[in-house]
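Visitor: So the sequence shown is numbered by our numbering: it starts at 6 and just counts up by one. Every residue, glycine too, gets a C-beta built ideally from N, C-alpha and C. The structure under discussion is supplied below as structure tokens; questions concerning it will follow.
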Amino acid sequence: MTEGPSERQIAESLCLIFSALEQLHGAGLRDGRASRVRREAVHFLWELREGAKLSEDRPHSVAAWACRMDGAKALLRYEHSVPVAVFMPVLRAAAGNPDAMLEALKRYVRPVIVTEDEAHRLAREGLNHSLPPGIEADDWAARYRAIGVSLRDGGKRA
Numbered sequence: 006m007t008e009g010p011s012e013r014q015i016a017e018s019l020c021l022i023f024s025a026l027e028q029l030h031g032a033g034l035r036d037g038r039a040s041r042v043r044r045e046a047v048h049f050l051w052e053l054r055e056g057a058k059l060s061e062d063r064p065h066s067v068a069a070w071a072c073r074m075d076g077a078k079a080l081l082r083y084e085h086s087v088p089v090a091v092f093m094p095v096l097r098a099a100a101g102n103p104d105a106m107l108e109a110l111k112r113y114v115r116p117v118i119v120t121e122d123e124a125h126r127l128a129r130e131g132l133n134h135s136l137p138p139g140i141e142a143d144d145w146a147a148r149y150r151a152i153g154v155s156l157r158d159g160g161k162r163a
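So this is what it looks like as structure tokens:
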């Protein structure tokens with residue numbers, strides 16, 4: 006059984022995909038279509054490289070972990086701690102440099118498992134697609150702090 010591609014190989018592949026999409030965009034492909042392909046490529050190649058979407062190994066909010074322990078997995082939601090709208094421009098800018106791509110992936114693409122209610126609270130507070138004002142993009146726990154969501158292990162696991 007093989008281990009699968011290395012993180013570096015994934016970053017190189019994402020660079021190729023992103024570069025090809027930029028070329029197609031220049032030839033007239035609507036960016037909305039390319040955007041979906043980029044999101045899916047990052048999700049399937051990078052985010053799922055270490056396990057299932059709702060894996061118990063992913064960082065969880067305290068409430069999400071309690072739901073998991075109670076068997077209420079239907080209440081769990083997969084969230085990007087740094088919203089896609091924030092990290093995708095950084096990944097696009099890194100498309101020509103696998104080292105920059107790998108650094109950006111590690112720094113910004115950090116999924117967290119929250120409850121359905123916590124996900125709705127993010128949306129109500131206007132933090133679905135953005136970070137709180139004045140927060141650096143790599144402060145992956147900022148949105149959760151802003152709405153009073155506690156993360157297991159103080160958020161150190163991401």
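(1) Here's the rule: buried if 16 or more other CB atoms are within 10 angstroms of the residue's CB, otherwise exposed. What is Lys-43?
(2) Please classify Leu-127 as buried or exposed, where buried requires at least 16 neighbouring CB atoms within 10 angstroms.
(3) Would you kindly work out how many angstroms separate the C-alpha atoms of Glu-141 and Arg-35, rounded to a whole number?
(4) Just mark Pro-10 as buried or exposed, buried being the case when its beta carbon has 16 or more other beta carbons within 10 Å.
(5) Please tell me whether Val-119 and Ser-66 are closer than 9 Å, where the distance is taken between their beta carbons.
(6) Going by beta carbon distance, what residues of the same chain come within less than 7 Å of Ser-18, once the five residues before and after it are set aside?
(7) For Trp-145, which option in Cys-72, Gly-131, Pro-64, Arg-82 has the closest C-alpha, if you only look at C-alpha atoms?
(8) In chain order, what are the residue ranges of uninterrupted beta strand (DSSP E) at least 3 long that sit wholly in the stretch 53 to 111?
(9) Could you say if the stretch 94 to 107 and the stretch 52 to 62 meet the contact criterion of at least three C-beta pairs nearer than 8 Å?
Guide: In this structure, then:
(1) Within the sequence shown, numbered from 1, the residue matching residue 43 stands at position 38. Strictly speaking, residue 43 in this sequence is Arg, with Lys absent from that position. Of the residues assessed, Arg-43 falls on the buried side of the cut-off, its CB having 16 or more other CB atoms within 10 angstroms.
(2) Against the sequence shown, residue 127 aligns to sequence position 122. The residue is buried, with at least 16 neighbouring Cβ atoms inside 10 Å.
(3) Against the sequence shown, residue 141 aligns to sequence position 136. Against the sequence shown, residue 35 aligns to sequence position 30. The straight-line gap from Cα to Cα measures roughly 30 Å.
(4) The sequence position of residue 10 within the sequence shown is 5, counting from 1. Exposed.
(5) By one-based count along the sequence shown, residue 119 stands at place 114. By one-based count along the sequence shown, residue 66 stands at place 61. In this structure, Ser-66 lies closer than 9 Å to Val-119 by Cβ.
(6) Sequence index remark: in the sequence shown, residue 18 carries index 13 (1-based). Answer for Ser-18: Leu-50, listed in chain order.
(7) On the sequence shown, position 140 is the one that residue 145 refers to. Answer by Cα proximity: Pro-64.
(8) 81 to 85
(9) no
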